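Visitor:
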């Protein structure tokens with residue numbers, strides 16, 4: 060389980076959410092409240108939209124609290140849209156390429172949750188990524204696999220639907236090998252103009268997600284940044300939030316997405332045949 | 060292109076090859092002579108066989124010359140068999156998982172060379188890795204892909220043949236997309252008892268390889284560790300060297316391995332079909 | 060506050076203490092019981108005595124639980140004497156040079172505790188290090204300052220006395236600026252033949268220290284490695300433990316060491332005078 | 060020897076100087092032309108003046124060419140004033156705290172050169188840093204020592220004079236121990252409004268420095284960023300350049316700064332006396 064915060068609104072310094080609040084993201088990296096793993100010290104990352112159409116990305120494997128570069132960047136950069144994440148690995152290594160947010164073109168993506176049994180189905184999951192997207196498969200996480208799958212399924216054209224179908228595709232693979240729990244997914248993604256966030260699980264334990272709106276903008280988080288419970292709205296499971304500079308909406312997520320007919324596992328070649336040798 | 064050294068014989072301190080000679084591996088990391096890239100500063104690694112059947116592995120992304128841990132380990136550890144490598148990336152990122160040597164069970168492997176066009180055929184290459192081996196696909200390099208492919212093709216039973224078939228399999232993929240150069244492969248691998256090293260290229264430019272034998276043991280290198288040219292024997296292309304504590308032999312490599320009938324590219328699903336959504 | 064373990068006896072694999080026990084050092088790095096800071100993730104290090112008179116040193120800034128090199132070294136290396144440490148910074152940065160153990164020549168040293176007000180008296184403390192030793196001042200920690208001070212005060216000749224005088228010297232500096240708490244010191248040091256460990260504080264809160272003896276050797280720790288409380292002996296404050304392969308003794312520490320007449324703070328030049336310009 | 064570039068003028072993206080030109084700073088990190096050490100791979104750093112009075116600092120120990128964070132920051136951030144540096148160590152370790160630029164308050168500083176014999180006079184040099192500044196002594200380099208000495212000598216009030224006196228103070232220490240070469244100093248420093256750069260050596264070998272002016276602003280470098288020699292003006296030794304958004308001047312440096320009467324080495328306590336024990 061990981062912790063994340065995302066902002067869309069007037070430009071704010073990233074440190075105002077990452078290091079300043081009572082229960083800031085850096086504070087959560089040492090002592091998270093709403094998830095089983097209180098320590099989220101397996102990497103940190105931010106994606107911010109500034110002077111370019113594509114986001115700037117800073118990621119590092121150090122714990123957030125001891126990363127001087129993160130503090131500097133968060134203090135210097137004010138952005139109208141940014142995503143920030145601290146990671147607690149559910150299996151894959153602590154490495155730059157396994158840190159969130161992931162970015163391809165103008166899209167960025169971060170995730171809290173897991174694809175059940177991913178260690179066993181990684182090769183299948185990677186085959187489910189579109190060939191044209193595959194060059195962006197840098198790491199080994201289930202999270203990046205969901206994002207790249209969604210890109211191949213049309214994230215550009217249908218940001219919410221493509222993500223839902225990607226989640227269903229990976230969830231289906233987990234179900235085929237009987238993994239329990241299956242999919243847990245509380246994620247946020249953006250193209251720099253719109254912020255999408257969704258909460259879902261195959262079971263009753265979807266990781267938490269909250270938002271807070273003000274005249275300044277919309278803040279979406281995996282857990283509140285302060286103890287003022289009243290100011291935060293919990294997002295129910297099977298629900299997505301969509302925020303732009305002008306609009307805000309809460310919509311169903313996953314409810315109408317059927318399980319895909321994925322290629323059955325038995326039909327996949329275990330390896331390429333080598334003959335004639 | 061990368062630089063490497065390997066030892067099998069009486070136990071010697073790794074620093075005797077890594078940091079002490081006139082043209083030691085660390086010296087080569089700053090100023091290699093026999094390859095186009097004089098700087099090999101994209102990671103360093105050693106695999107040594109000591110108290111356990113499986114090798115110990117130390118890898119780091121720092122340049123070899125500024126890595127205090129490497130110097131300490133090389134100074135403290137004497138081993139009868141070890142492999143050491145400094146990396147110059149041919150495309151993939153500088154990360155722990157992309158550093159050589161790679162290890163699975165009792166096997167270790169390191170490589171100098173490239174699979175032509177690997178950026179375009181990585182997904183195919185990864186599909187060519189046996190499913191039971193795939194959990195060991197940690198990085199994104201062509202080198203690790205060759206090693207894991209060989210493991211799936213029976214490296215345990217036929218260390219030289221399985222490697223040759225793996226090389227042919229990847230070479231075939233490169234040929235299919237018309238990559239030039241195709242395969243360049245000067246590698247070394249071991250199970251802790253026998254040291255294998257081979258030199259091969261699809262074209263006339265197989266990366267260099269030399270050995271030096273003494274009463275103490277066998278030393279195999281990508282380029283000589285000193286300027287005493289007379290004491291080093293160059294290994295010709297299409298040739299492998301096999302060394303144990305008792306024996307030493309030079310044998311043909313790749314000459315009788317036909318191109319595999321790999322699954323044609325068109326038959327591969329570009330992506331899993333998602334229907335019913 | 061930090062956590063540490065030290066061994067002297069028959070050679071044992073470092074992993075048997077670092078990663079294997081129920082409440083191993085790596086486990087303590089995430090969830091220490093006997094100290095205020097449950098997370099000790101600001102660096103890790105080991106010093107082992109093997110084939111050389113001086114120790115081998117491995118240190119890294121990653122959390123211990125995500126450091127593959129640490130696991131490899133701990134699994135491969137069996138040593139008759141070693142010290143291992145996970146760090147929770149009390150102020151100085153997370154960097155290689157601030158990680159414990161520190162080593163000079165055949166000596167190694169690690170520390171749990173603090174010198175009160177060290178941020179304000181670092182320059183004075185560094186002036187208290189002998190000029191011939193100063194080249195070994197690589198980092199900025201109070202711990203390294205204590206060790207280097209002790210080396211200058213004759214650690215070679217009087218390992219326990221020199222350390223006690225170093226502790227008193229730094230404690231005196233802390234007292235002069237009215238720092239509270241003053242000195243907290245639970246440390247272990249070795250020349251490869253004898254293991255020294257001592258527990259002390261200026262106040263009533265000396266950090267905990269325990270030992271366990273068996274036919275195999277002596278194990279000294281900052282907190283027990285398992286929940287079998289009965290097998291561990293707590294070392295009282297103002298007490299040192301001395302272990303060799305043949306002997307073991309528990310002796311007073313600091314009780315007869317008077318406060319040094321350090322050069323009064325006012326006598327120290329604030330800066331070199333620059334005249335004649 | 061190191062390589063650096065500095066900019067003051069209209070805001071430009073840092074990548075326009077760091078990674079884009081024919082002979083960009085990153086290119087120089089692999090293949091510098093104007094200095095003995097062609098490889099500058101012992102750390103990289105940038106200081107930029109953006110939304111805050113104090114600069115933002117990004118530093119890392121990776122070679123510049125393999126640092127994805129550096130590329131991202133350089134691509135996203137446009138600044139009216141920035142300093143960028145790639146390091147080739149002259150002795151001290153590769154660590155974050157030894158990377159340039161160094162920053163205290165609104166000041167940043169970077170250096171190419173060396174203080175002769177610094178390994179032997181580091182303790183003296185550190186005693187020459189004002190006590191109030193000493194908390195900013197994070198690393199072990201001669202470069203940082205020059206900067207902090209200058210801060211203590213009044214950099215705020217007299218940016219050029221204070222630096223000259225600091226250089227003379229360190230040069231004097233080197234001379235006292237007969238170090239050859241003594242001081243080599245080609246440095247750049249800024250408070251965010253004015254850019255200062257100076258070239259000096261105790262001998263005839265002051266490291267090179269060039270500038271280029273345009274309607275956009277002033278660019279100062281340790282060696283030209285392209286092969287168009289005609290567009291670059293070499294700064295002679297004993298000369299400083301001062302640039303603001305409105306003005307540009309070239310002035311003498313060091314010519315009227317006498318050697319300071321530093322406290323004679325013999326008068327310095329080798330260590331604090333410890334009596335009464």
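Protein chains in written order, with our numbering: chain A, 60 to 336; chain B, 60 to 336; chain C, 60 to 336; chain D, 60 to 336.
Note that CB positions come from ideal geometry on N, CA and C, so glycine has one too.
Given the structure is predicted, the values throughout are model-derived calculations rather than measurements.
Does chain B have any CB closer than 9 Å to the CB of residue 65/C?
Guide: In the third chain, residue 65/C corresponds to position 6, counting from 1. Not closer than 9 Å to any Cβ of chain B, the Cβ of residue 65/C fails to qualify, so no.
Visitor: Using a Cβ cut-off of 9 Å (strictly closer), state whether residue 98/B contacts chain D.
Guide: The residue you call residue 98/B lines up with position 39 of the second chain. Chain D places a beta carbon closer than 9 Å to that of residue 98/B, counting this residue as a contact.
Visitor: Using the C-alpha atoms, what's the distance from residue 119/C back to residue 155/C?
Guide: In the third chain, counting from the first residue as 1, residue 155/C sits at position 96. In the third chain, counting from the first residue as 1, residue 119/C sits at position 60. Taking the straight line from one Cα to the other gives about 6 Å.
Visitor: Check whether chain D comes within 9 Å of residue 143/A, counting only Cβ atoms and requiring the distance to be less than that.
Guide: The residue you call residue 143/A lines up with position 84 of the first chain. Taking Cβ atoms only, chain D never reaches closer than 9 Å to residue 143/A, which makes this a no.
Visitor: Please compile the residues from chain A whose C-beta is within a distance smaller than 8 Å of the C-beta of residue 121/C.
Guide: By 1-based counting over the third chain, the position of residue 121/C is 62. Annotation: Cβ neighbours of residue 121/C in chain A (cutoff 8 Å, chain order): 120, 121, 153.
Visitor: Would you say residue 136/A faces chain D, with C-beta separation under 9 Å as the test?
Guide: As a position in the first chain, residue 136/A is number 77, starting the count at 1. Closer than 9 Å to some Cβ of chain D, the Cβ of residue 136/A qualifies, so yes.
Visitor: Decide if residue 123/A is buried, meaning its Cβ has at least 16 other Cβ atoms within 10 Å, or exposed.
Guide: Looking up residue 123/A in the first chain gives position 64. The residue is buried, with at least 16 neighbouring Cβ atoms inside 10 Å.
Visitor: Would DSSP call residue 294/D helix, strand or coil?
Guide: Taking the first residue of the fourth chain as position 1, residue 294/D is located at position 235. Looking at residue 294/D - three-state DSSP - the assignment turns out to be coil, as it is neither helix nor strand.
Visitor: Assuming residue 258/D and residue 173/D make a contact with CB atoms under 8 Å, what is their CB distance in whole Å?
Guide: Mapped onto the fourth chain, residue 258/D falls at position 199. Mapped onto the fourth chain, residue 173/D falls at position 114. With 8 Å as the limit, residue 258/D and residue 173/D do not qualify as a contact, their Cβ atoms being about 14 Å apart.
Visitor: In chain order, what residues of the same chain have a beta carbon less than 6 Å from the beta carbon of residue 147/B, not counting five sequence neighbours either side?
Guide: Here residue 147/B refers to the residue found at position 88 of the second chain. So the qualifying residues of the chain are 60, 61, 96, 99, 101.
Visitor: State the start and end residues of the unbroken alpha helix (DSSP H) segment that holds residue 171/B.
Guide: Within the second chain, the letter at position 112 stands for residue 171/B. Where residue 171/B is concerned, there is no enclosing alpha helix (DSSP H), although the beta strand (DSSP E) it sits in stretches over 166–174.
Visitor: Compile a chain-ordered list of the residues in the stretch 148–181 of chain D whose CB is closer than 7 Å to at least one CB of chain C.
Guide: 152, 154, 155, 156, 178, 181
Visitor: Any C-beta of chain C sitting closer than 9 Å to the C-beta of residue 146/B?
Guide: Position 87 of the second chain, counted from the start, is the residue given in the question as residue 146/B. For residue 146/B, the nearest beta carbon of chain C is not closer than 9 Å to its own beta carbon.
Visitor: By Cβ distance below 6 Å, which residues in the same chain neighbour residue 189/A in space, the five residues on each side in sequence not counted?
Guide: Numbered from its first residue, the first chain carries residue 189/A at position 130. Answer for residue 189/A: 211, listed in chain order.
Visitor: Taking only beta-carbon atoms, is residue 78/A less than 9 Å away from chain C?
Guide: Taking the first chain and counting its residues from 1, one reaches residue 78/A at position 19. Output row for residue 78/A: interface = no.
Visitor: Could you compute how far the alpha carbon of residue 286/A sits from the alpha carbon of residue 269/A?
Guide: Against the first chain, residue 286/A aligns to sequence position 227. Against the first chain, residue 269/A aligns to sequence position 210. Going from the Cα of residue 286/A to the Cα of residue 269/A covers about 13 Å.
Visitor: In the DSSP assignment, what residue or residues form a beta bridge with residue 107/D?
Guide: Locating residue 107/D in the fourth chain gives position 48, counting from the first residue. For residue 107/D, which the question treats as bridged, DSSP gives the partners 115/D, 141/D.
Visitor: Which stretch, first to last residue, makes up the alpha helix (DSSP H) that contains residue 232/A?
Guide: Numbered from 1 along the first chain, position 173 holds the residue referred to as residue 232/A. Taken as a continuous stretch (DSSP letters only), the alpha helix (DSSP H) holding residue 232/A covers 218–235.
Visitor: Given a cut-off of 9 Å, decide if residue 176/B and residue 238/B are closer than it, judged by their beta-carbon atoms.
Guide: Sequence index remark: in the second chain, residue 238/B carries index 179 (1-based). Sequence index remark: in the second chain, residue 176/B carries index 117 (1-based). Yes, Cβ-Cβ distance for residue 238/B and residue 176/B is below 9 Å.
Visitor: Any beta carbon from chain C within less than 9 Å of residue 196/B's own beta carbon?
Guide: As a position in the second chain, residue 196/B is number 137, starting the count at 1. No, its Cβ sits nowhere closer than 9 Å to a Cβ of chain C.
Visitor: I'd like to check one pair, residue 281/C with residue 171/C: are the Cβ atoms closer than 9 Å?
Guide: By one-based count along the third chain, residue 171/C stands at place 112. By one-based count along the third chain, residue 281/C stands at place 222. For residue 171/C and residue 281/C, yes; Cβs fall inside 9 Å.
Visitor: Quick one: using the 10 Å Cβ neighbour count with 16 as the cut-off for buried, is residue 15/B buried or exposed?
Guide: Chain B is shown from 60 up to 336; residue 15/B falls before or after that span and cannot be answered.
Visitor: Are the C-beta atoms of residue 110/B and some chain C residue less than 9 Å apart?
Guide: Taking the first residue of the second chain as 1, we reach residue 110/B at position 51. Yes, its Cβ sits closer than 9 Å to a Cβ of chain C.
Visitor: In chain D, which residues lie less than 7 Å from residue 201/B when you measure between Cβ atoms?
Guide: Along the second chain, one-based indexing puts residue 201/B at 142. Ordered by position in chain D, no residue passes the 7 Å Cβ test against residue 201/B, which lies about 17 Å from the chain.
Visitor: In terms of residues, what are the limits of the beta strand (DSSP E) holding residue 279/C?
Guide: The count along the third chain starts at 1 and reaches residue 279/C at position 220. First-last of the beta strand (DSSP E) with residue 279/C: 276–280.
Visitor: Pull up the distance between the alpha-carbon of residue 304/B and that of residue 274/B, whole angstroms please.
Guide: Within the second chain, residue 304/B is the residue found at index 245, counting from 1. Within the second chain, residue 274/B is the residue found at index 215, counting from 1. Cα to Cα, the separation comes out at about 10 Å.
Visitor: Hey, does residue 235/A have any beta-carbon neighbour from chain B nearer than 9 Å?
Guide: For the purposes of this step, residue 235/A is taken as residue 176 along the first chain, with counting starting at 1. Residue-level contact by beta carbon fails for residue 235/A and chain B, as no gap is shorter than 9 Å.
Visitor: Taking residue 249/B and residue 167/B to be in contact with their CB atoms under 8 Å, please state how far apart those CB atoms are, rounded to whole angstroms.
Guide: Sequence index remark: in the second chain, residue 249/B carries index 190 (1-based). Sequence index remark: in the second chain, residue 167/B carries index 108 (1-based). The Cβ separation is near 6 Å, so the contact holds.
Visitor: Roughly how many whole angstroms lie between the Cα atoms of residue 81/C and residue 284/C?
Guide: Here residue 81/C corresponds to residue number 22 of the third chain, with the count starting at 1. Here residue 284/C corresponds to residue number 225 of the third chain, with the count starting at 1. The alpha-carbon atoms of residue 81/C and residue 284/C are separated by roughly 7 Å.
Visitor: At which residues does the beta strand (DSSP E) containing residue 242/B begin and terminate?
Guide: Along the second chain, read from residue 1 onward, the residue named residue 242/B stands at position 183. Unbroken beta strand (DSSP E) run through residue 242/B: 242–249.
Visitor: Is there a C-beta anywhere in chain C that falls below 9 Å from the one on residue 116/B?
Guide: Here residue 116/B refers to the residue found at position 57 of the second chain. Residue 116/B counts as touching chain C.
Visitor: Hey, could you find the ends of the alpha helix (DSSP H) residue 177/B is sitting in?
Guide: Taking the second chain and counting its residues from 1, one reaches residue 177/B at position 118. Residue 177/B -> alpha helix (DSSP H) spans 177–186.
Visitor: Taking DSSP as the reference, what is the three-state secondary structure of residue 210/B?
Guide: Sequence index remark: in the second chain, residue 210/B carries index 151 (1-based). Annotated three-state conformation of residue 210/B is helix, per DSSP.
Visitor: Does residue 89/B get closer than 9 Å to chain D when you measure Cβ to Cβ?
Guide: Locating residue 89/B in the second chain gives position 30, where the first residue counts as 1. Chain D contact via Cβ: present.
Visitor: Name, in chain order, the residues that DSSP records as bridge partners for residue 68/B.
Guide: For the purposes of this step, residue 68/B is taken as residue 9 along the second chain, with counting starting at 1. Its beta-bridge partners are 276/B.
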